[in-house]
Amino acid sequence: MNEAARKGVSARSPHAIDAYVGERLRLRRTLLGMSQEALGDELNLSFQQVQKYELGRNRISASKLFEVSRILAIEPGEFFAGFDQITASPLPPVDDESAKIASMVARISDTRVRAQIRSFIDSLSTTDRKAG
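Be aware that the sequence shown starts at 1317, since it is given in our numbering, and climbs by one per residue.
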């Protein structure tokens, strides 16, 4: 029996850390308003390869992760931030609409306005939980 089978993980499913790093990469890229194609061009990769990294299907090497962090203006360690707090599964994927909203809010320079938006969204999500 191979190691993946012993751990109860499909040999084809991404490892939790690869999926987590990929999701963090996708979130940061989206927040900056950068397409997979544009990031791929910067890295001399196809957009499909960037997509595989983001989905955790392919592992990203340390050197490539360092290069990505430089392009996305983020510390390499930020791709792993919070992973140790996750139990058995990675964060749920961020849908495109949520990523678009996060990107728009991130472009608002007035911190008071961003705080008001966050408070408004929090009140809506609290209302949804009570109704459900």
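Note that beta-carbon positions come from the ideal geometry of N, C-alpha and C, so glycine has one too.
This structure is a prediction, so every number in the text was calculated from the model and none was measured.
Checklist line | Proximity winner among Ala1335, Tyr1336 and Leu1341, relative to Ile1390 (alpha-carbon distances) | finding: Ranking the options by Cα distance to Ile1390, first place goes to Leu1341.
Notebook entry, point to check: From Pro1392 to Leu1361, what does the alpha carbon distance come to, in whole angstroms?
Noted result: When rounded, the distance between both Cα atoms is 19 Å.
Check: How many angstroms separate the CA atom of Thr1427 from the CA atom of Val1366?
Finding: Going from the Cα of Thr1427 to the Cα of Val1366 covers about 32 Å.
Item checked: Sequence-distant residues of its chain with Cβ nearer than 7 Å to Ala1354 (five each side left out) -> No residues qualify anywhere along the chain.
Next item on the list: Could you check how far apart the C-beta atoms of Gly1338 and Glu1370 are, in whole angstroms? I think they sit under 8 Å.
Entry: Between Glu1370 and Gly1338 the Cβ distance is about 4 Å, and since that is below 8 Å, they are a contact.
Checklist line | Among Leu1388, Phe1382 and Val1421, the one whose alpha carbon lies nearest that of Ser1351 | finding: Residue nearest to Ser1351 within the set Leu1388, Phe1382 and Val1421 is Leu1388 (criterion: CA-CA distance).
Check: Distance, Cα to Cα, Arg1386 vs Phe1363?
Finding: The straight-line gap from Cα to Cα measures roughly 18 Å.
Notebook entry, point to check: Taking C-alpha atoms, which residue in Leu1343, Phe1399, Phe1396 and Leu1381 lies nearest to Ser1419?
Noted result: Nearest option by C-alpha distance: Leu1343.
Check: Ser1419 lies in the alpha helix (DSSP H); which residues open and close that run?
Finding: Unbroken alpha helix (DSSP H) run through Ser1419: Asp1412 to Ala1422.
Next item on the list: Could you spell out the range, first to last residue, of the alpha helix (DSSP H) harbouring Asp1334?
Entry: If you look at Asp1334, you'll find it in the alpha helix (DSSP H) that goes Ala1332 to Leu1347.
Next item on the list: Would you kindly check if the distance between the Cβ of Phe1399 and the Cβ of Tyr1336 is under 7 Å?
Entry: Closer than 7 Å, so yes.
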